[in-house]
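For the record, in the sequence shown the residue sitting at position 323 is 323 according to UniProt numbering, with numbers rising by one throughout. The beta carbon of each residue, even a glycine, is placed where N, CA and C say it ideally should be.
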Amino acid sequence: MRKSSRKHSTAFSAAMTNTSRASHNPAQENTNGNELSPTLIIAIDYGTKTLPIMYRFRTFDSSGNLIASPPRPVAFLEGTNSPQQVAWLDQGKGEFLWGYDLERAVNDPNVPVRRGDVIDLFKLALYKDHATSEISKRVQSQLMAVNKSMDDLLTCHLKAMVECAKAKIKDYSLRLVNVTEEVFDRMETNVFISVPQMWKPPANRRIVEATRKAGIKHVELVYEPQCAAAFYTEGIQNESPPGLPAGSLIHVNDIGNGTGDFVTYKVVADSSEGAEIQLQLVGTATGALCGSEFVNQEFLKAFKSYVARAKAKDFSALCESFNLKEIEAERAISQGPEGFEQHKIAYQAGWRDGYVTLTENLDHVPYQRQARNVRMRLKSEVMEACFEGVFQEIWRKVDNQLQIKTNESRLFLFAGGMGKSAYFLSQARQRYENRAKKISLSTATISSDYELAVPKGALLRYKNISTRDVPSTNVFGIARNEQYDAIRHPDVLERPGKRKTGMVVRNKLDRVEENPSGQQPPEVWVQECVIATEEGELQRDHLSFQVYWTESPNIQDSSPIFQTASRDTLSDGIEKWGDEVLFKLPDLHSLGYKKVETENGTFFYYVYYCLAVEIDGANVKVVLKLAKPKNDWFNAQGRFVPDPQAASERSQDYTLVQSSHNPFARENDF
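Written out as structure tokens, the structure is:
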């Protein structure tokens, strides 16, 4: 039984408060109330093919002075970048393996796991625009084979990563910061997880939900290009003369193995005299699936065409005759010792033809013989054809950023896994060097630890980069019931001889529109009837809300959320933003809420609440404000007037990537 204090509506609505913490750094705060408690901060670059992790400590000396240790990488035996791959043993019932442990298991004949059981490139399946690709279908098929879901994978993986990182830090690093094992075991852990700026909110919500299921208490999502920019500006902090005067533009082109993020920042405080560089996001950040892996995918197409042409059989038949699963063959062609990856990195002008070889698997052949193989020659025209389509998408995105005007310097920063390609670096320099006063074509030119740019940037200065005032297409909304209106509800058909005046139309999107930057959106308060027993116990002890998300410009306020009255199919362009958000109600009787009895003997409490979505950079949380009881919530004109000083705020955090612009303002119609 829900009644809004708005006339002719049984709706509830959401407003969003945009909070800015440009100088805030979670590494300098403590969330358990003890200002001098030591904290471990872990930053994870959750990449498509690799997984670098860094950490730093926040401790205090005997006088209470803050000691922040320098960022250090979590070192695995084989290197700093763990491979992004996972698998379960025993058809999903056994041990979960990942990274280098999985790599060793695949090469161990005593461990029952084959290369075809390994799930990799799964991050690409989280991209909305890539959800129906061959890679995504393959990932989903592998998960179904072990009776697991993508959420299971993310939860197991994130839990294992953080536990592994903490174990390695405990084993090798405590002596560097003078922390005992006892203190370390009690230490609060804050975790940064990097995400592409082009990701959609539902994908980021899945990451955050997975961290919660994994028991990771304090998590913050950070933008990959923002961290890359922070890493770079840290490197030029004390340049003399200043390398980036105020007004300069930094075009960050973070092109990894899966995605490319294309973002422009303006320098608002320069680096002269060692001053702290301040950056502000300008223009429109864009992204595309144009990472290094898509060059490999183009080669796989070329190899399959070669097999059909030279061997007169399709690729599936070749794999079967070679005793290989298709996924095993594709990995060998792409990433194996005689695969395409090494040639892709090395290719440049003056190229001498190379070869990619697929070799037969003889593991189950009962007699000894020489393995057959298929060998494809890599001429320059083949290599360039693999790069061409991916490069075109990259140049188009970079060129769009050049529309932003400035009278100062332009810096082109090309970061990410694509920078390993010598051909890419030469083509980028040739295309953009004359358009910039300064150019850095790879973070490798800044520091020897360029592969750690994102996690290191997260631990350094990314909070000195403001994203306020950036337009966003993302909109959140909540369902409401409305009185029928022919103009607002064209989807509800008129029937001859049947009046619709006064009819309630259900499940319409309550979309809250953009609010001018820097203004607090007006609050919309809604009445709720909470059924109770005669003794005052609540029939249900919580309020629940299903939040919806859309980025479609065609979806307006009062648009239908579902295609049919059965609520089994969402309208095109609308998605659920996770499961229902639950808020546990306080003891209403003890707080002084008045219990009301109806004529039929039912008891209930009237409560008024205001639901809001607060955005802070890359993170979002849903907040519920519950008005405390008072004798009269209405003024002389019958308008609801909650006492701002008498509102108890109860919130539950849900974090996702989202521009910090406010898409949610609404006129207060009370």
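Determine the burial state of residue i: buried for a count of at least 16 other Cβ atoms within 10 Å of its Cβ, exposed for fewer.
{"i": "F583", "result": "buried"}
{"i": "V219", "result": "buried"}
{"i": "Q91", "result": "exposed"}
{"i": "V365", "result": "exposed"}
{"i": "A627", "result": "buried"}
{"i": "N147", "result": "exposed"}
{"i": "Q297", "result": "buried"}
{"i": "Y548", "result": "buried"}
{"i": "Y367", "result": "exposed"}
{"i": "G64", "result": "exposed"}
{"i": "S316", "result": "exposed"}
{"i": "H599", "result": "The sequence as given places Glu at residue 599; His does not occur at that position. Burial call: exposed."}
{"i": "S334", "result": "buried"}
{"i": "A203", "result": "buried"}
{"i": "K344", "result": "buried"}
According to DSSP, is residue i helix, strand or coil?
{"i": "G99", "result": "helix"}
{"i": "E360", "result": "coil"}
{"i": "T598", "result": "coil"}
{"i": "A377", "result": "Residue identity differs from the one stated: residue 377 is Arg in this sequence, not Ala. Strand, per DSSP."}
{"i": "K213", "result": "helix"}
{"i": "Q297", "result": "helix"}
{"i": "Q563", "result": "coil"}
{"i": "G116", "result": "helix"}
{"i": "G287", "result": "strand"}
{"i": "M144", "result": "helix"}
{"i": "V74", "result": "coil"}
{"i": "V365", "result": "coil"}
{"i": "D108", "result": "coil"}
{"i": "N253", "result": "strand"}
{"i": "N65", "result": "coil"}
{"i": "G92", "result": "helix"}
{"i": "P586", "result": "coil"}
{"i": "L126", "result": "helix"}
{"i": "L40", "result": "strand"}
{"i": "A627", "result": "strand"}
{"i": "Q85", "result": "strand"}
{"i": "E551", "result": "coil"}
{"i": "S136", "result": "helix"}
{"i": "T48", "result": "coil"}
{"i": "residue 689", "result": "Residue 689 is absent from the structure shown; the chain starts at 1 and stops at 670."}
Closer than 6 Å by C-beta to residue i: which residues in its own chain qualify, once you throw out the five before and the five after it? Chain order, please.
{"i": "T264", "result": "L249, H251, V282, G283, Q401, I404"}
{"i": "D120", "result": "Q85"}
{"i": "T189", "result": "L40"}
{"i": "F603", "result": "A532, E534, K595, E597"}
{"i": "A288", "result": "G260, E393, K397"}
{"i": "M187", "result": "P38, L40"}
Can you name, in chain order, every residue of its own chain whose Cβ lies under 8 Å from the Cβ of residue i, other than the five neighbours on each side?
{"i": "A229", "result": "I250, V252, V263, Y265, L279, L413, G457, Y462, I465"}
{"i": "E181", "result": "K170, L174"}
{"i": "I135", "result": "L121, L124, A125, Q297"}
Answer yes or no: do residue i and residue j have a C-beta to C-beta separation smaller than 8 Å?
{"i": "E338", "j": "V356", "result": "yes"}
{"i": "Q140", "j": "A160", "result": "no"}
{"i": "L40", "j": "F57", "result": "yes"}
{"i": "A332", "j": "L358", "result": "yes"}
{"i": "L588", "j": "V530", "result": "yes"}
{"i": "V596", "j": "Y606", "result": "yes"}
{"i": "V398", "j": "E224", "result": "no"}
{"i": "P83", "j": "Y55", "result": "no"}
{"i": "Y194", "j": "I44", "result": "Looking at the sequence shown, residue 194 is not Tyr but Ser. Going by C-beta atoms, S194 is nearer than 8 Å to I44."}
{"i": "T48", "j": "G291", "result": "yes"}
{"i": "A214", "j": "D151", "result": "no"}
{"i": "T50", "j": "L452", "result": "no"}
{"i": "N257", "j": "G417", "result": "yes"}
{"i": "K325", "j": "G116", "result": "yes"}
{"i": "V268", "j": "A285", "result": "no"}
{"i": "E528", "j": "L543", "result": "yes"}
{"i": "E575", "j": "F545", "result": "no"}
By Cβ distance below 7 Å, which residues in the same chain neighbour residue i in space, the five residues on each side in sequence not counted?
{"i": "F387", "result": "V295, Y423"}
{"i": "A105", "result": "L97, V111, V113"}
{"i": "S380", "result": "W351"}
Cβ of residue i less than 8 Å from any chain B Cβ?
{"i": "A165", "result": "Looking for chain B here will not work: only one protein chain is present."}
TODO: Would you mind listing the alpha helix (DSSP H) stretches within the region 382 to 444 that are 4+ residues and don't spill past its ends, in chain order?
DONE: 422 to 432
- [ ] May I have a chain-ordered list of the alpha helix (DSSP H) segments no shorter than 4 residues that lie completely inside the region 150 to 186?
- [x] 150 to 172, 174 to 177, 181 to 186
Task: Length-filtered (3 minimum) beta strand (DSSP E) runs lying within the region 302 to 356 - done: none
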